[in-house]
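Heads up: the sequence shown begins at 264 in my numbering, then just goes up one per residue. Idealized CB from N, CA, C, for every residue including glycine. Quick caveat, the model's predicted, so the values are computed rather than measured.
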Amino acid sequence: MSVVLTHAYYLFEDEKEQKIMRPYPPLGLLYISGYLNEKKLQNSVFDSTFYSFKEQLEFIKKEQPKIVAIYTNLMTKVNVIKLVKILKSDSTFGNPKIILGGPDITYNCENYLRTGVDFLIIGEGEQTTFELSNAILNNTSYEEIQGIAYLSNEEIVKTPARTKMKELVHLPLPNREAIPIHKYLDTWKKYHGKSSMTVSTQRGCPYTCKWCSTAVYGQSYRRRPADMVAKELKMLKTKYQPDSVWFVDDVFTVSHKWLKSFHKEVLEQDAVIPFECITRAERLNDEVLQLLKEVGCFRIWIGAESGSQKIINAMDRRVDVGTVKEAIQKTNALGIETGTFIMVGYPGEDEQDITQTVTYLKEANPTLFTITVAYPIKGTSLYNEIEDKITIQPQWETSTDREIDFKRTYNRKYYDYAVRYIVNEVNSRKTDSFFKFIIFRIKSLLTFIFMKYYKLL
Numbered sequence: 264m265s266v267v268l269t270h271a272y273y274l275f276e277d278e279k280e281q282k283i284m285r286p287y288p289p290l291g292l293l294y295i296s297g298y299l300n301e302k303k304l305q306n307s308v309f310d311s312t313f314y315s316f317k318e319q320l321e322f323i324k325k326e327q328p329k330i331v332a333i334y335t336n337l338m339t340k341v342n343v344i345k346l347v348k349i350l351k352s353d354s355t356f357g358n359p360k361i362i363l364g365g366p367d368i369t370y371n372c373e374n375y376l377r378t379g380v381d382f383l384i385i386g387e388g389e390q391t392t393f394e395l396s397n398a399i400l401n402n403t404s405y406e407e408i409q410g411i412a413y414l415s416n417e418e419i420v421k422t423p424a425r426t427k428m429k430e431l432v433h434l435p436l437p438n439r440e441a442i443p444i445h446k447y448l449d450t451w452k453k454y455h456g457k458s459s460m461t462v463s464t465q466r467g468c469p470y471t472c473k474w475c476s477t478a479v480y481g482q483s484y485r486r487r488p489a490d491m492v493a494k495e496l497k498m499l500k501t502k503y504q505p506d507s508v509w510f511v512d513d514v515f516t517v518s519h520k521w522l523k524s525f526h527k528e529v530l531e532q533d534a535v536i537p538f539e540c541i542t543r544a545e546r547l548n549d550e551v552l553q554l555l556k557e558v559g560c561f562r563i564w565i566g567a568e569s570g571s572q573k574i575i576n577a578m579d580r581r582v583d584v585g586t587v588k589e590a591i592q593k594t595n596a597l598g599i600e601t602g603t604f605i606m607v608g609y610p611g612e613d614e615q616d617i618t619q620t621v622t623y624l625k626e627a628n629p630t631l632f633t634i635t636v637a638y639p640i641k642g643t644s645l646y647n648e649i650e651d652k653i654t655i656q657p658q659w660e661t662s663t664d665r666e667i668d669f670k671r672t673y674n675r676k677y678y679d680y681a682v683r684y685i686v687n688e689v690n691s692r693k694t695d696s697f698f699k700f701i702i703f704r705i706k707s708l709l710t711f712i713f714m715k716y717y718k719l720l
C-alpha cells in the first residue's frame, strides 16, 4: 500500500462519548481519499473510531505503507503523538514517512515536528497531500510544494501557504466506501432509534468570533453548487438510507441565494432527508425558515454563546441577544426543533452575566442546549488576548488546549458550578413533573451556594 490515511480517535476509550454514542465518520480524511482516488494514487483509510490502538498498529504493520498520513486535532493529539513515536521507532512497520494534517497543526508546527513527524500539511489537505505523496513515492523534490512544513538540519522550513480552492465544484465526494459506514449507522440506530450521516456543503466562515479556530479553511466562504449537494443527498438516500443528516457547515444559511437554489434542487431531485444544521440568528427570517422546513430541516442550532450582550460583544459575535432569542422562538413556533450553544467563564464574565444567560435560556426556550467552560485554542484571538494571563499551561505532548487555564473574574471552580447551576435552573423550567422540578431546584440552590463560595476565593 502506498498511502494509509488514519486518525487516532478510539470510541471505546472515550468514556464521555460512550454515554452519548453519536459518532460520525472522519469526513476530512474521506475527502482526501476521494481526491487521491481521482488522481489515481493508491490509498486506504484506517478509520480508528470503532477499533483499538493495537488493531491500528497491526493494520499498518500488515500493509507496510510508504506513507502514513494522520489527521490530528486538540482531542486526539496525545494519541497521535503516541502513534507517531511508535511508527518512527519500530522498523517492523516499514519506516513509513509520517505526514500530519488538521487544525492543531498550524500553530504548533515546531512541537509536532520535534516528535518525529516528517511533514506537516498546513491548511486544506487534498492537493497538498497528493503533491507531497507523489514527491515522496517518486523520490523527487518537495521544496516547492505549497502548504507544508518540515525540518532541515534541525531548522523548521515552511513553504508558502497554499491558495485555497476557489471552485469546490471540482472537489470529489468523500470516499465513504473506504470505511465501515454500517458501524456508524447501526450505532446510531441502536442508541437513538435513527441513523445519521454527515454532509459538508461549504468551507470557511466569514465571521470573526474570537474563540473560534480558522486554522484549516480560513476566514472565507466557499460553497459547493446546490445541485451537487442535492445529488449527494440523493445518493446517500438511495445507497445508505440514513434517517437523518447533519450538515457540518459553520453557517448553513449564510447565503440566502444558495439556500433557495438548494431548496429547488432537493425537491426536484427527490433528495429530501430530514436534517439538522447550524446557523446564525441574523441569517434566519420567516422565508428562510419556511424553505428549510420544506426540504426536511427538523432542527436548527442557533449560536448564542451567552445571554449577556456584554459577553457577546467581547467575543466579537456581532449579533444582538434579542435577535437570537427571537430566532429560537420563531423556529420553535414553526415546529422545528432548536439548539443553542452556551459558553461560561469567558474573560470578563461575572455573576450578572451568568444570571442573564439563565434568563435568556428560559425565555428563548431552545429544545436543546450545550454548555462548556471557555478554553483558549492556540492561534485564536481569544488565546492571544489571554496569553499573558495563563495560570495553567500543561505539558504540550501530554495535554490539550482544554486544560489550559487563565485568570478569570472568579475562581475556575466557580464556572464549573455555574455550568451545573444553569443546567438545573433551565431544566426546572422545562420539566412538567413536580417531583423533578423540586429535585432540579434543590440542585440549583446547592450549586449556587458553591458558586458563592468559590466567588470569594
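* To do: Could you tell me whether the Cβ atoms of Asp310 and Ala493 are closer together than 9 Å?
  => no
* Are the beta-carbon atoms belonging to Val267 and Asn300 less than 9 Å from one another? -> no
* Locate the alpha helix (DSSP H) running through Ile702, then write down its first and last residues. => 697-718
* I think Lys427 touches Glu387, with their Cβ atoms under 8 Å apart; what is that distance to the nearest whole Å? -> 6 Å
* Environment of Glu418 [buried if 16+ CB atoms lie within 10 Å] -> exposed
* **Inter-residue spacing [alpha-carbon to alpha-carbon] between Leu725 and Met578** => Coverage of the chain is limited to positions 264 through 720, which leaves residue 725 absent and any answer about it impossible.
* Take Val343 and list the residues in its own chain whose beta-carbon comes closer than 6 Å to its own, dropping the five residues that flank it on each side. => Ala271, Ile333, Thr335
* Asked: Within the chosen definition, does the stretch 587-603 reach the stretch 614-630 through at least 3 CB pairs nearer than 8 Å?
  -> yes
* **CB-CB length for Leu645 against Pro639, believed under 8 Å** => 5 Å
* **Contact check, Glu394 vs Ile408, beta carbons under 9 Å** => yes
* When the Cα of Phe703 is compared with those of Leu499, Met460, Asp583, Ile685, which residue comes out closest? -> Ile685
* Between the C-alpha atoms of Thr635 and Lys473, what's the straight-line distance to the nearest angstrom? -> 16 Å
* Asked: How do the stretch 453-464 and the stretch 314-332 stand: do at least 3 beta-carbon pairs fall below 8 Å, yes or no?
  -> no
* How would you label Glu539, buried or exposed, when you count the other beta carbons within 10 angstroms and need 16 or more for buried? -> buried
* Asked: If you drop the 5 nearest sequence neighbours on each side, which residues of the same chain put their C-beta closer than 8 Å to that of Arg683?
  -> Lys706, Thr710
* Asked: Of all the options Ala412, Gln656, Asn438, Lys303, which has the alpha carbon lying nearest to the alpha carbon of Arg665?
  -> Gln656
* How would you call Leu719, buried or exposed, if buried means at least 16 neighbouring beta carbons within 10 angstroms? -> exposed
* Classify Trp509 as helix, strand or coil using the three-state DSSP reduction. => strand
* **Same chain only: Cβ atoms within 6 Å of Gln532, ignoring 5 sequence neighbours per side** => Ala493, Lys497
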